[in-house]
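K.L.:
There are 2 protein chains.
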Amino acid sequence: MQKTKRKALENAGWKVGSVTDFLELTPEESSLIEMRLALSQALQKQRKTQHLTQIDLAKRLGSSQSRVAKMEAADGSVSFDLLIRGLLAAGANNTDIARAIQHGST
Amino acid sequence: MQKTKRKALENAGWKVGSVTDFLELTPEESSLIEMRLALSQALQKQRKTQHLTQIDLAKRLGSSQSRVAKMEAADGSVSFDLLIRGLLAAGANNTDIARAIQHGST
DNA sequence: TGATTTTATGTCCAATATGACATAGACTTC
DNA sequence: GAAGTCTATGTCATATTGGACATAAAATCA
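These protein sequence lines are chains A and B, in that order.
First residue of the first sequence? That's 1 in the numbering used here, and the numbers climb one at a time after it.
First residue of the second sequence? That's 1001 in the numbering used here, and the numbers climb one at a time after it.
1) Run the CB neighbour count on GLY1076(B), radius 10 Å, all protein chains shown included, and call it buried at 16 or more, exposed below.
2) To which residues of the same chain is ALA1092(B) closer than 6 Å at the C-beta, ignoring the five residues directly before and after it?
3) Under DSSP, the alpha helix (DSSP H) around ALA1038(B) begins and ends at which residues?
4) Please decide whether ILE97(A) counts as near chain B, where near means a Cβ-Cβ distance under 8 Å.
5) Could you confirm whether any beta carbon from chain A is found closer than 8 Å to the beta carbon of LEU1057(B)?
6) What separation, rounded to the nearest whole angstrom, lies between the Cα atoms of LEU1082(B) and MET1071(B)?
7) Look up THR53(A) in the DSSP assignment and say whether it is helix, strand or coil.
8) Among residues of its own chain, excluding the 5 on either side of ALA90(A), which ones have a beta-carbon nearer than 7 Å to its beta-carbon?
9) To the nearest angstrom, report how far apart HIS1103(B) and ALA1038(B) are at their CA atoms.
10) Is LEU1032(B) closer than 8 Å to ARG99(A) when the C-beta atoms are compared?
11) Buried or exposed for LEU1023(B), please, with buried defined as at least 16 other CB atoms from any protein chain shown within 10 angstroms of its CB.
12) Could you pull the start and end residues of the alpha helix (DSSP H) that ASP81(A) belongs to?
13) Going along chain A, which residues have a C-beta under 8 Å from GLU1028(B)?
14) Is there at least one Cβ from chain A nearer than 8 Å to ASP1075(B)'s Cβ?
15) At the level of alpha carbons, what is the spacing between LEU1087(B) and ILE1097(B)?
16) Identify whether ALA74(A) lies in helix, strand or coil by the three-state DSSP scheme.
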């Protein structure tokens, strides 16, 4: 696992590599987490290339800055649905999303 | 839009082409719906190729037969998260999922 | 046909996700 | 270093989602 991924997961509270190791996660759980992570990273990237602030994106989404921050942080309280809607609102298309998910492979 | 898609959407209560036409949906909303649809179809396909009943899959998911049925029907009460978890539980991998999402393009 | 298995649909309430708010921190610019 | 802008984090009430159950409908097969 890459260092950046590990860091991001830890920040999101996933306790990677510490007591609770990935060994305790089923492959499905790992896949899910990595996909969420990939999407959150894709979201931030997309938002930035579009020169949007979190507030801008929040407005498009009918949401709030704090939630967008959580989305990009892959916070546990953020669903796939919201991440996808975020990406679409930030101008990503199906292909971009598919690529992110694919990229999140283990 | 293909006939099968239209039918599936209608069954799922999305009222395609009737009073509420797709014209009322933003491109983002359309994308979302089509992705959900693509995933639900991929799920049923995957489950069947694995020769699993809805009950089998429900057990793997820690869910119920009725919910699996709703997942495959792209019912409005089913989230992306659940669809993805369903696909993974049915043996699909990230690539399969990415392909489904990509295929759900407009 | 009747029995059995599989899938579909509706409803309920417990669990989870979400927008909103408050506030803190980070970063820039003057 | 103050002011302004952007991002991060915690909390909460409300809204949405999900497992479970009941039951109907379809499909399979003897």
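Even for Gly, the Cβ is constructed at its ideal location relative to N, Cα and C.
These numbers come from a predicted model, not from an experiment.
P.N.:
Based on what the coordinates show:
1) The Cβ neighbour count for GLY1076(B), taken over all protein chains shown within 10 Å, is under 16; the residue is labelled exposed.
2) Around ALA1092(B): GLN1046.
3) First-last of the alpha helix (DSSP H) with ALA1038(B): 1027–1049.
4) So yes, ILE97(A) belongs to the interface.
5) Contact of LEU1057(B) with chain A is not assigned, every C-beta pair being separated by 8 Å or more.
6) Whole-angstrom Cα-Cα distance: 8 Å.
7) THR53(A): coil per DSSP, three-state reduction.
8) Correct list, in chain order: LEU43, GLN46, ARG47, GLN50, LEU52 and LEU57.
9) The alpha-carbon atoms of HIS1103(B) and ALA1038(B) are separated by roughly 7 Å.
10) For the pair ARG99(A) and LEU1032(B), the CB atoms are not nearer than the 8 Å cut-off.
11) Annotation note: pLDDT 49 at LEU1023(B) (below 50); position unreliable, no value reported.
12) Start and end: 80–89.
13) Listed along the chain, the chain A residues whose CB falls inside 8 Å of the CB of GLU1028(B) are ARG85, LEU88 and ALA89.
14) Cβ-Cβ to chain A under 8 Å: no for ASP1075(B).
15) The straight-line gap from Cα to Cα measures roughly 7 Å.
16) If DSSP states are grouped into helix, strand and coil, ALA74(A) belongs with coil.
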